[in-house]
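The structure appears right after this line, and notes come after that.
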Amino acid sequence: MQLSDFDFDLPDHLIATRPARPRSSARLLVAEGDGITDAVVRDLPGFLRPGDRLVLNDTRVIPARLSGVRRRDGPAGRTEAAIEVTLLEPRPGGLWSALVKPLKKLAPGETVRFSDTLSARMQGREEDRAILEFNLTGPDFDTALAEAGAMPLPPYIAQRRAPDAQDREDYQTVWARRPGAVAAPTASLHFDAPLLAALETAGIDFSHVTLHVGAGTFLPVKVDDVTRHRMHAEWGEVSEDAARDLARTRAEGGRIIPVGTTALRLIETAAQAGEIAPWRGDTDIFIYPGFAFRATDALMTNFHLPQSTLMMLVSALMGQDRIRRIYAHAIESGYRFFSYGDASLLIPQR
Numbered sequence: 112m113q114l115s116d117f118d119f120d121l122p123d124h125l126i127a128t129r130p131a132r133p134r135s136s137a138r139l140l141v142a143e144g145d146g147i148t149d150a151v152v153r154d155l156p157g158f159l160r161p162g163d164r165l166v167l168n169d170t171r172v173i174p175a176r177l178s179g180v181r182r183r184d185g186p187a188g189r190t191e192a193a194i195e196v197t198l199l200e201p202r203p204g205g206l207w208s209a210l211v212k213p214l215k216k217l218a219p220g221e222t223v224r225f226s227d228t229l230s231a232r233m234q235g236r237e238e239d240r241a242i243l244e245f246n247l248t249g250p251d252f253d254t255a256l257a258e259a260g261a262m263p264l265p266p267y268i269a270q271r272r273a274p275d276a277q278d279r280e281d282y283q284t285v286w287a288r289r290p291g292a293v294a295a296p297t298a299s300l301h302f303d304a305p306l307l308a309a310l311e312t313a314g315i316d317f318s319h320v321t322l323h324v325g326a327g328t329f330l331p332v333k334v335d336d337v338t339r340h341r342m343h344a345e346w347g348e349v350s351e352d353a354a355r356d357l358a359r360t361r362a363e364g365g366r367i368i369p370v371g372t373t374a375l376r377l378i379e380t381a382a383q384a385g386e387i388a389p390w391r392g393d394t395d396i397f398i399y400p401g402f403a404f405r406a407t408d409a410l411m412t413n414f415h416l417p418q419s420t421l422m423m424l425v426s427a428l429m430g431q432d433r434i435r436r437i438y439a440h441a442i443e444s445g446y447r448f449f450s451y452g453d454a455s456l457l458i459p460q461r
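Under the numbering used here, think of the first position of the sequence shown as 112, with each following residue one higher.
Next up, the structure:
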């Protein structure tokens with residue numbers, strides 16, 4: 112199974128840099144059986160059945176992108192240099208791992224100042240990551256980060272424009288609750304209060320789980336044989352209540368439909384023993400064609416990057432030939448791609 116098997120040509124103008132407004136006005140491609148239907152996200156209740164259960168990732172994106180200044184005193188006087196930091200994950204003892212640009216210019220022991228109240232000291236390196244110790248912890252750190260940080264937009268958006276104040280709302284789900292993600296569960300960005308109310312009226316159930324999406328979700332696959340790829344690990348939790356409700360839906364004949372690949376990867380991790388069970392920890396599950404799904408009956412998701420692990424995931428769910436036809440239709444029909452783009456509802460034949 113080669114990386115080239117998951118490639119396709121995408122016109123640049125189909126890469127979305129802003130979301131649809133209102134959220135539920137984004138387009139929705141529904142692929143069920145051999146058919147494809149063009150719809151709008153607010154039409155979602157009409158494609159589901161009473162008793163179906165949507166699985167929602169309640170992680171909250173932190174403003175993890177920071178711009179700072181490194182000051183260094185030397186024989187020629189004080190020099191300053193701009194430093195860009197993207198936080199990745201907290202470490203014990205109040206430390207953070209982070210991507211730093213330029214990493215080579217920052218030496219252990221040096222301090223980067225991000226605002227009048229927030230700074231960090233370089234403690235060391237782990238491969239391509241820096242380990243930073245901030246001057247604040249707890250609620251004080253959260254407050255200072257909210258003031259100094261920006262939303263960590265994906266590279267394909269950040270290359271086209273800078274994050275702004277609007278992204279603090281746009282790049283966050285309406286049910287975000289547990290801070291810790293440095294990337295949004297983007298299929299969930301299409302939901303708003305009117306849509307949630309319509310789904311509830313239609314008899315659709317909801318379960319919340321947590322997967323703190325990491326920056327590794329944007330890392331390219333660097334091996335030709337995709338089976339040799341190793342996924343980044345992300346922390347997640349399926350509570351006892353969520354596991355019980357998911358099991359009940361399955362027992363009563365309802366469908367379990369994750370909203371986003373993050374929710375899917377988490378519940379499939381929790382079901383690796385065969386039944387959906389409470390689960391908590393780090394998951395590096397890699398889903399590609401040949402994977403045996405144990406918890407997922409359908410998936411709502413955005414349109415993904417060529418040669419990405421997410422293309423491999425949807426190909427595993429729907430079949431590679433079927434996904435090629437779906438994506439060809441989406442491109443021909445002008446669907447918008449990636450994080451701020453349109454959505455699809457993928458219902459495989461079982």
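The C-beta atom is built at its ideal place from N, Cα and C for all residues, glycine as well. Please read all numbers here as calculations on a predicted model, not as lab measurements.
Bounds of any beta strand (DSSP E) do not take in Ser-426; it lies within the alpha helix (DSSP H) bounded by 420 to 429.
Looking at Pro-417, Tyr-451, Asp-432, Glu-443, the one whose alpha-carbon comes closest to that of Phe-119 is Pro-417.
In this structure the region 397 to 412 touches the region 446 to 457; the number of beta carbon pairs closer than 8 Å is three or more. Contact between the region 348 to 358 and the region 144 to 153 is absent: fewer than 3 CB-CB pairs across the two stretches fall below 8 Å. With a threshold of 16 other beta carbon atoms within 10 Å, Arg-376 meets it and is buried.
Cα atoms of Leu-114 and Val-334: separation of roughly 7 Å, rounded to the nearest angstrom. Counting C-beta pairs closer than 8 Å gives three or more between the region 364 to 379 and the region 394 to 408, which meets the contact rule. Residue environment analysis places Leu-330 among the exposed positions, since fewer than 16 neighbouring C-beta atoms fall within 10 angstroms of its C-beta. Of the residues Pro-250, Leu-206, Arg-361, Val-370, the one whose Cα lies closest to the Cα of Gly-385 is Arg-361. For Ile-268, the enclosing alpha helix (DSSP H) stretches over residues 266 to 269. With fewer than 16 other CB atoms across the displayed protein chains lying within 10 angstroms of its CB, Val-180 is exposed.
Cβ atoms of Arg-202 and Phe-317 stay farther apart than 8 Å, at about 33 Å. For Ser-299, the secondary structure class from DSSP, reduced to helix, strand or coil, is helix. Distance from the CA of Tyr-438 to the CA of Ala-344, rounded to the nearest whole angstrom, comes to 28 Å. Per DSSP, reduced to three states, the secondary structure at Asp-408 is coil, with no helix or strand assignment. Arg-176 is a Cβ neighbour of Ala-261, given a cutoff of 7 Å. Secondary structure note for Ala-231: its beta strand (DSSP E) is the uninterrupted segment 230 to 237. If you ignore the 5 residues before and after Thr-248, its C-beta comes within less than 8 Å of the C-beta of Gly-205, all in its own chain and listed in chain order.
In this structure, the straight-line span from the alpha carbon of Gly-365 to that of Ala-313 is close to 13 Å.
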